[in-house]
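Here's the structure we're looking at; comments come further down.
Number of protein chains: 2
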Amino acid sequence: MYRTHTCGELRLANQGTTLTLAGWVQTVRKFGAITFVDLRDRYGITQLLFGESLQAQLDAQPLGREFVLQVSGVVQERSNKNPGLPTGEIELVVQSFVILNASAVPPFTIQDDTDGGDDLRMKYRFLDLRRNAVKKNLELRYAVNRSVRNYLHENAFMDIETPFLIKSTPEGARDFVVPSRMNPGQFYALPQSPQTFKQLLMVSGYDRYYQIVKCFRDEDLRADRQPEFTQIDCEMCFVEQEDILNMFEGLVKRVFKDVKNIEYSEAVQRMTWEDAMWQYGNDKPDIRFGMKLSNLKSAFRKSGQLLATGELINGAGFGVFDNAETVLAIAVPGCAEYSRKQTDELTDWVKRPQIGMQGLVFIKCNADGTYKSSVDKFYAEERLKAIADSAGAVAGDLVLILAGREEKTRKALSDLRLEMGKRLGLRKDNEFKLLWVLDFPLFEYAEEENRWVARHHPFTSPKPDQIDTMINNNPVIEQAAEYLAHPYANIKANAYDMVLNGNEIGGGSIRIFQRPLQEKMFAALGMTPEEYNHKFGFLLGAFEYGAPPHGGIAFGFDRLCSILGGSESIRDFIAVMLDAPSTIDAKQFDELQIQLNLKP
Amino acid sequence: MYRTHTCGELRLANQGTTLTLAGWVQTVRKFGAITFVDLRDRYGITQLLFGESLQAQLDAQPLGREFVLQVSGVVQERSNKNPGLPTGEIELVVQSFVILNASAVPPFTIQDDTDGGDDLRMKYRFLDLRRNAVKKNLELRYAVNRSVRNYLHENAFMDIETPFLIKSTPEGARDFVVPSRMNPGQFYALPQSPQTFKQLLMVSGYDRYYQIVKCFRDEDLRADRQPEFTQIDCEMCFVEQEDILNMFEGLVKRVFKDVKNIEYSEAVQRMTWEDAMWQYGNDKPDIRFGMKLSNLKSAFRKSGQLLATGELINGAGFGVFDNAETVLAIAVPGCAEYSRKQTDELTDWVKRPQIGMQGLVFIKCNADGTYKSSVDKFYAEERLKAIADSAGAVAGDLVLILAGREEKTRKALSDLRLEMGKRLGLRKDNEFKLLWVLDFPLFEYAEEENRWVARHHPFTSPKPDQIDTMINNNPVIEQAAEYLAHPYANIKANAYDMVLNGNEIGGGSIRIFQRPLQEKMFAALGMTPEEYNHKFGFLLGAFEYGAPPHGGIAFGFDRLCSILGGSESIRDFIAVMLDAPSTIDAKQFDELQIQLNLKP
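Residue numbers (my numbering), protein chains in the order written: chain A, 158 to 757; chain B, 158 to 757.
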C-alpha cells in the first residue's frame, strides 16, 4: 500500500504516530516558510504541515490542486482546531513526500459549491465525481443497495441472474436490439425488465427471487428517463396482494432505517386508485399535505357512478362552468389575502403551455366572513360560501377553481396543488410519506384503435372475483362511444403502486398463472393466437406444467435513491460517464451483415 | 399467504399443529383407501397422508405429478420414519386440499437421476430448474454472490454501477453493438468488461470499487464461453501487486469458508509465468499433483536463457528427437507395467486431432531397475536411465516423451499430464488448490502483423523497473526473425492470474496511470495517436488530472461457481432460458434506419 492510514481516520489518539497518507491536494496555503496542504481521499481530509526544511523541495516541485501525493510524517495536535472536521484536532507534520502524479489545473473547483456549470461538470464527470456532494449520492446509492440486499436475504429471497440478450417482444416501450453475428438476419433484444423470466423462475419453484438489475428502454430522453435504468426486481410464490404489501413496505422501512436513520413505525397508508384520482387528481399523490380536490362537476366515474353533477355551480349564467365537463377546486390555506398581482400570477401559471388551462377562478374566504371572487357577478356571496364550504375552505383560505375537459383539468389542478404545496413549504425534504395505491383499472381504453390496452402489463391478474367477468365476456368494443359500459371497463387489477412523497417508487401485481386466463388477456389486447404464441409461447407453455400463484414488484432504484437523497435529478445518483453512441467500422457492419438505411 | 409453513421445516416438535402447506406433487402412492403424496417446494419435501374420507374427492380430482397443491392438516409422527429426509420424522394428515393448478405430464422426471436427456431438459429448462441438482447449483451461486459481497463490503469496497450502453472500442474480442434510434447511423456497444469505467472511478477517488456485473463478448460459442457472462469486477487505489494478492486471496478463502465450509489456512502458492510454462507447460497449472515437465530440449527462453539444449537426447540417430525444436517428458507414477495395449492407447490419445502429435515415446522404469523403451534401438539402457532420471522418474514409473514444435508440444504434454492425473485419480473433486501465477510477459508477438499485442490488455503496467525500458525503446520490430532480441520481449507485466485446480478463475493487473506511458503502450500496439485518442481519449484526458496508482482484478463468476460446484459446465450454474435471437419487424428496422445486408 502507498499508505498506512486514510485521510479520514486520524484523531488525537494517533498523536505522535509516524505514518503515511496518500491522496489529492485539496488546497495549498503558504505562510512564510510554512505550507499547509489539505489532503483529500474518499474517507476525508487531513491537514498536512510542511515545515521549513521541505520548502526547497516544494519550490522545486510546486504542488497544485488535485496533485496526487504520498506523504510520511508524524501526527501532532493542532494549535488551531477545526471542530467542523472529524480530523480537525490533528495535523500531519510532513517528513517526506512524493508527488505520485501531477494534475493540470482542473476546469472547476472540486468543492460542494463548485464554480463549474452543468455542462462543464458533465464533460469532466470524472472530476465532478470527486466532489463531496456527488460522492455522498453514490455512497447513499450503495447504502440503499446494501440495505435492500440484506433485508431480502433475511427474508429468503435469492438473487438469480436473468439473461440480457433475449428475444424482442415489444409491448409498450421500444426494445433496443442487438444484431446477432452468429445468426445473420436475427437480433437479440435488451430486456425492458426481467418480467417473464422472473415468472418462469416462480414456475420453476424458486419461491422468492430478487435482482438489482439494469433494464433498457429505447425512449426519448427526459431528465428522469435514461435509456438504461436500474430496478430492484422481486417476485414471490404462493402470495396474495396483502403478503406483497407487507413484505415490501417492510423493505422500504428498512431502507429508511439503514440509510436515513428514520424509524417509519406507522402503518403505510393505502388508497384506491379511484380515491387518489378523486381526491388528488393523480395516481401518485403527495400525502405530506392535504388540500384535497373538491369535485364540483366531474365526468369521472367513482365506483361506476357519476358523483359530481354540478348543482352548486350550474345555471348561474357563467358559461365557463356551465359548459365545462369538469370543475374542480382546492382550498389553499391562509392565502385569502393574496393581492391582485398574486392571483394574476397564478392565472398565468395555469395558462403556461405545460399546464395549458384557459383561466383560473378564485374565491377569497376573508377573515371577516365575507367572500370575494373573480366570478362575483355570476355568484351571490352565499353561493360562493357554499362552493367554498364544499371545498373544505375556512376563513383565510383561497379557493382555486379550474374548469375544462376531465383529464386535463384533473391533471392541471393536481399540478397546481403540488405547486401551492411547494410554495407554502408543505412538501418538506426531510419528511417521508409512503402510500400504497391499489385497485387500478386492469384495462385502459385506446381511443385511436378502439381497443383495450393493459394499464400495468399483460401479466397482471384481475381481482379474483372478476376473473369470471373477464373470461365470460367478449373483449371487443362494439360501440366506441359506449366503451365505459363494457364489462371490461370496471375490471380492477390485482396491482399496487408504492408512492413516496408524490413519486411512484415501485409497482407490481399478482400475476395471471392460468393459461386460459393469460390467453384471454392477450386476446383482449388485440393479439391473435399466432401473435401471442410467437411472442409469449414459452410462458404459456410453462403455465401448463404446474404454475403456482405468484406476484411481485419492481422498484425504480435510481428514483428511490434520488428521493432519499433529496434531489430531483436521477443523474446525480448515477456514475454516468457517457461518450456514446458512436460510429462503428466497416468490418463490424460486414460481420453483422447489416447496413445503414438512413432517411434523407 | 397460501401457506403457514414451507415443505422443509416441519419436525417432531410441530406434532399436533394444524397448518397449511403449498407446493408441487412429487409422487403419489396409493395404498388401498390411503394415499401418500410427497409435496415439494424450494425448501424441502413433506409427506402428506390423505385418509379414507378424502378418497372420493381424490377420485373426482386425481392428483398428478407436478400439480400445485394447497393442503391443510395436522402434523403427526410417522410410523415409518425416513432418516434421509429432514422432515422424515413427521407427516401431515390432510384435512382439506385445493388443487391450485394442474400440470400436464412432465416430459421427464423431476429427480436427481432424471430420465431426461440434455436437449429435452434444455427445451423445458423451467422444469429442469425444479430438479434438486440444478437448484443446488443456483443456491451455491447465490451463496458465492452473498459471500463475495459481504467480504468486499467489510473491506470498504463500494458497489458502483457502470453503464451498459457504451462506445465501441473493439480491442481483442468483438463487441456486440446496439443501433441508436435517437442518433441514426450511430451505435452503442455492450461492455466486454467495465475496465475503463472502473479506472475512471479510481481517478475520481472512489478508492475501492466492485461490481458483480454482466459482460458481453461476441465470440463463437463454446461450452465454457457464453455471449454474456458475469464478472466479479474489482479495483483499488494506492496499491501495489502485493496488496491485491493479499486482498483477493482473502476473498476466495472467505468464499471457501462460507460456501464449502473449507478453512483454507495455508498461504496461496505463487509461481512465475515462466516457471508455470517450464514446469507444467501451461499458464494455469493444476498443482493438486506433481508430474512436472522435464525439459529435454526446448526453445523456451527462461529468464532470457536457453536452458535445455538437448544433450541427453541429441545425436543418437533418432531423427524425431534430433530434428525436434522441443522434447519434453513427464514421469507417470506407478505405470511402468502398462501393457502394449495401454501404451498404444496413449499414443492414439496424443494423435487425436485435439492434441495433434505425431507419436509418443515412452520409457518404462521397471521395478527390477531395468529400463524398457519404444526407442530402445537408439538409446542404450544407461542413456534411458539418464533421461528417466532427468524426468524425476523412480522405479515403477512410466516416462512419457513428446517431441515437436515448442508451443504445440508444450501444450500437448500439459494436456497429457492432466489426462494422466485424472486417470490416476490425482485431481480430486473435493481438494481445492489455489495458485497465483505472476510476472507474465507484457507483450506477445503477433507473427502475421510483425507487431506486439497486449497479453492482458493495454492498461496493464510493466514492472516498475522496466518502465524506462518501455519508454526509451522504439517498439517497432525491425527484423521479424529477431523479435525475441527486442527489449520489449523481456518486459514483464505487473499482472497476476488466480488459478484454482487448473482453471483461471481471476486475473488482473496494476494499471498504467501516467498519460505518457499509456500513450507509449497504445503506440507499441500499433495504434496511431488519432486512433488511440478516438478510442481512449477520455481515459488519457482523465490521466492529466491527478490519476492515482491503482490496480484490480476480475473473477469469472460463472466459472468460479462451476468449479466450487464440482461441474465442468458453466451452463449448469446459469438459469438460462434462451429463446433468442429472433427476427425483428419492419417497423423496428425503419425506426433504427438500418437494413439487412445478408451475404449470399
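Where a beta carbon is used, it is the ideal one built from N, C-alpha and C, also for glycine.
Phe457 of chain A classed as buried or exposed, judged by whether at least 16 other C-beta atoms fall within 10 angstroms
Within the first sequence, numbered from 1, the residue matching residue 457 of chain A stands at position 300. Answer is buried; the Cβ neighbour count reaches 16.
Counting only beta-carbon atoms, is Arg338 of chain B nearer than 8 Å to chain A?
Taking the first residue of the second sequence as 1, we reach residue 338 of chain B at position 181. Yes - at least one Cβ of chain A is within 8 Å of the one on Arg338 of chain B.
What's the call for Arg287 of chain B, buried or exposed, on a 16-neighbour Cβ count within 10 Å?
Working through the second sequence from its first residue, we reach residue 287 of chain B at position 130. Buried, by the Cβ-count rule.
Under the three-state reduction of DSSP, which class applies to Ser719 of chain B: helix, strand or coil?
What you label residue 719 of chain B is simply residue 562 of the second sequence in a count that begins at 1. The DSSP-derived three-state label of Ser719 of chain B is helix.
Determine, using beta carbons only, whether Ser260 of chain B and Tyr702 of chain A come nearer to each other than 8 Å.
As a first step, residue 260 of chain B must be located in the second sequence, where it is residue number 103. As a first step, residue 702 of chain A must be located in the first sequence, where it is residue number 545. Taking 8 Å as the Cβ cut-off, Ser260 of chain B and Tyr702 of chain A qualify as a contacting pair.
Any beta-carbon of chain A closer than 8 Å to the one on Lys706 of chain B?
In the second sequence, counting from the first residue as 1, residue 706 of chain B sits at position 549. Just to set this straight, residue 706 of chain B is Pro in the shown sequence, not Lys. Residue-level contact check: Pro706 of chain B touches chain A, since one or more beta carbons of chain A fall below 8 Å from its beta carbon.
Which of helix, strand or coil does DSSP assign to Val425 of chain B?
Here residue 425 of chain B corresponds to residue number 268 of the second sequence, with the count starting at 1. Val425 of chain B: coil per DSSP, three-state reduction.
Going by Cα to Cα distance, which pick from A:Met678, A:Ala732, A:Asp572 and A:Phe478 is closest to Gly513 of chain A?
The residue given as residue 513 of chain A occupies position 356 in the first sequence. Among A:Met678, A:Ala732, A:Asp572 and A:Phe478, the Cα nearest to that of Gly513 of chain A belongs to A:Asp572.
Within 8 Å of any Cβ in chain A, is that where the Cβ of Tyr702 of chain B sits?
Working through the second sequence from its first residue, we reach residue 702 of chain B at position 545. Answer yes: the Cβ-Cβ gap between Tyr702 of chain B and chain A drops below 8 Å somewhere.
Determine the extent of the alpha helix (DSSP H) in which Met627 of chain A is found, giving its start and end residues.
As a first step, residue 627 of chain A is located in the first sequence; it is residue number 470 there, counting from the start. Residues Ile624 to Asn629.
State the beta-bridge partners of Trp593 of chain B as determined by DSSP.
Residue mapping note: residue 593 of chain B aligns to position 436 of the second sequence, counting from 1. Partner(s): B:Arg427 and B:Met655.
Would you check if the distance between the CB atom of Gly722 of chain A and the CB atom of Phe730 of chain A is smaller than 8 Å?
Taking the first sequence and counting its residues from 1, one reaches residue 722 of chain A at position 565. Taking the first sequence and counting its residues from 1, one reaches residue 730 of chain A at position 573. Result yes, Cβ atoms of Gly722 of chain A and Phe730 of chain A sit closer than 8 Å.
Any chain B beta carbon closer than 8 Å to Ser739 of chain A
Residue numbering aside, residue 739 of chain A sits at position 582 when the first sequence is read from its first letter. The beta carbon of Ser739 of chain A falls within 8 Å of a beta carbon belonging to chain B, placing the residue at that interface.
In whole angstroms, what is the alpha-carbon distance linking Tyr536 of chain B and Asn403 of chain B?
Translated into positions along the second sequence, residue 536 of chain B becomes position 379. Translated into positions along the second sequence, residue 403 of chain B becomes position 246. CA-to-CA, the gap between Tyr536 of chain B and Asn403 of chain B works out to about 49 Å.
Contacts of Pro384 of chain B in chain A (Cβ-Cβ under 7 Å):
Sequence index remark: in the second sequence, residue 384 of chain B carries index 227 (1-based). Within chain A, the residues near Pro384 of chain B are Leu322.
If you draw a straight line from the alpha carbon of Gln349 of chain A to that of Asp625 of chain A, how long is it in whole angstroms?
Along the first sequence, one-based indexing puts residue 349 of chain A at 192. Along the first sequence, one-based indexing puts residue 625 of chain A at 468. Going from the Cα of Gln349 of chain A to the Cα of Asp625 of chain A covers about 31 Å.
If you measure from the beta carbon of Gln511 of chain A to each beta carbon in chain B, is any gap under 8 Å?
Locating residue 511 of chain A in the first sequence gives position 354, where the first residue counts as 1. With 8 Å as the cut-off, Gln511 of chain A does not count as an interface residue toward chain B.
Of all Cβ atoms in chain B, is any one closer than 8 Å to the Cβ of Asn690 of chain A?
Your numbering for residue 690 of chain A matches position 533 in the first sequence. By this cut-off, Asn690 of chain A is not an interface position.
Taking a cut of 7 Å between CB atoms, which residues from the stretch 218 to 252 of chain B lie near chain A?
Residues of the stretch 218 to 252 of chain B with a C-beta atom less than 7 Å from some C-beta of chain A are Glu223, Phe224 and Val225, listed in chain order.
Can you tell me whether DSSP reads Phe746 of chain B as helix, strand or coil?
In the second sequence, residue 746 of chain B corresponds to position 589, counting from 1. Residue state for Phe746 of chain B is assigned as helix, using DSSP reduced to three classes.
Could you list which residues in chain B have their beta carbon closer than 8 Å to that of Arg278 of chain A, in chain order?
One-based indexing of the first sequence puts residue 278 of chain A at position 121. Within chain B, no C-beta atom comes nearer than 8 Å to that of Arg278 of chain A; the closest sits roughly 12 Å away.
Pick helix, strand or coil for Leu286 of chain A, following the three-state DSSP scheme.
One-based indexing of the first sequence puts residue 286 of chain A at position 129. Coil.
Relative to chain A, which residues along the stretch 298 to 313 of chain B have a C-beta separation below 9 Å, given in chain order?
Listed by position, the residues of the stretch 298 to 313 of chain B near chain A (Cβ gap below 9 Å) are Arg298, Tyr299, Asn302, Arg303, Arg306, His310 and Ala313.
Would you list the residues sitting across from Gln227 of chain A in a DSSP beta bridge?
The sequence position of residue 227 of chain A within the first sequence is 70, counting from 1. Bridge pairing for Gln227 of chain A: A:Ala179 and A:Val255 [DSSP].
From the DSSP output, in three-state form, read off Arg278 of chain A for me.
What you label residue 278 of chain A is simply residue 121 of the first sequence in a count that begins at 1. Helix.
What residues in the stretch 643 to 677 of chain A have a beta carbon less than 8 Å from any beta carbon of chain B?
From the stretch 643 to 677 of chain A, only Phe670 and Gln671 have a Cβ closer than 8 Å to chain B.
List the DSSP bridge partners of Ala537 of chain A.
Position 380 of the first sequence, counted from the first residue, corresponds to residue 537 of chain A. Residue pairing from DSSP leaves Ala537 of chain A without any beta-bridge partner.
When the Cβ atoms of the stretch 405 to 417 of chain A are set against those of the stretch 584 to 593 of chain A, are three or more pairs found closer than 8 Å?
The answer is yes - the stretch 584 to 593 of chain A touches the stretch 405 to 417 of chain A, with three or more Cβ pairs under 8 Å.
Would you tell me roughly how many angstroms separate the C-alpha atoms of Arg580 of chain B and Val489 of chain B, rounded to the nearest one?
Translated into positions along the second sequence, residue 580 of chain B becomes position 423. Translated into positions along the second sequence, residue 489 of chain B becomes position 332. Between Arg580 of chain B and Val489 of chain B, the alpha-carbon positions lie close to 11 Å from each other.
For Asp654 of chain A and Glu661 of chain A, the rounded distance between their alpha carbons
Residue 661 of chain A sits at position 504 when you count from the first residue of the first sequence. Residue 654 of chain A sits at position 497 when you count from the first residue of the first sequence. Spanning the two alpha carbons is a distance of roughly 7 Å.
Chain B contact residues for Ala699 of chain A, given Cβ-Cβ distances below 7 Å
Numbered from 1 along the first sequence, position 542 holds the residue referred to as residue 699 of chain A. Under a criterion of Cβ atoms nearer than 7 Å, the residues of chain B adjacent to Ala699 of chain A are, in order, Phe283.
When we look at the beta-carbon of Asp375 of chain A and count the other beta-carbons within 10 Å, is it buried (16 or more) or exposed?
Taking the first sequence and counting its residues from 1, one reaches residue 375 of chain A at position 218. Note on Asp375 of chain A: 16 or more other CB atoms within 10 angstroms of its CB, so buried under the neighbour-count rule.
Report, in whole angstroms, the separation of the C-beta atoms of Glu246 of chain B and Glu234 of chain B, which I expect to be a contact under 8 Å.
Locating residue 246 of chain B in the second sequence gives position 89, counting from the first residue. Locating residue 234 of chain B in the second sequence gives position 77, counting from the first residue. Indeed they touch by this definition, with Cβ atoms about 7 Å apart.
Delimiting residues of the beta strand (DSSP E) encompassing Thr192 of chain B
Against the second sequence, residue 192 of chain B aligns to sequence position 35. For Thr192 of chain B, the enclosing beta strand (DSSP E) covers residues Ile191 to Asp198.
Which term fits Asp216 of chain B, buried or exposed, when burial requires 16 or more other beta carbons within 10 angstroms of its beta carbon?
In the second sequence, the residue the question calls residue 216 of chain B occupies position 59. Counting the other Cβ atoms within 10 Å of the Cβ of Asp216 of chain B gives fewer than 16, which makes it exposed.
Would Gln426 of chain B be called buried (16 or more neighbouring beta carbons within 10 Å of its own) or exposed?
Start at 1 with the first residue of the second sequence, and residue 426 of chain B comes out as number 269. With fewer than 16 Cβ atoms within 10 Å of its Cβ, Gln426 of chain B is classed as exposed.
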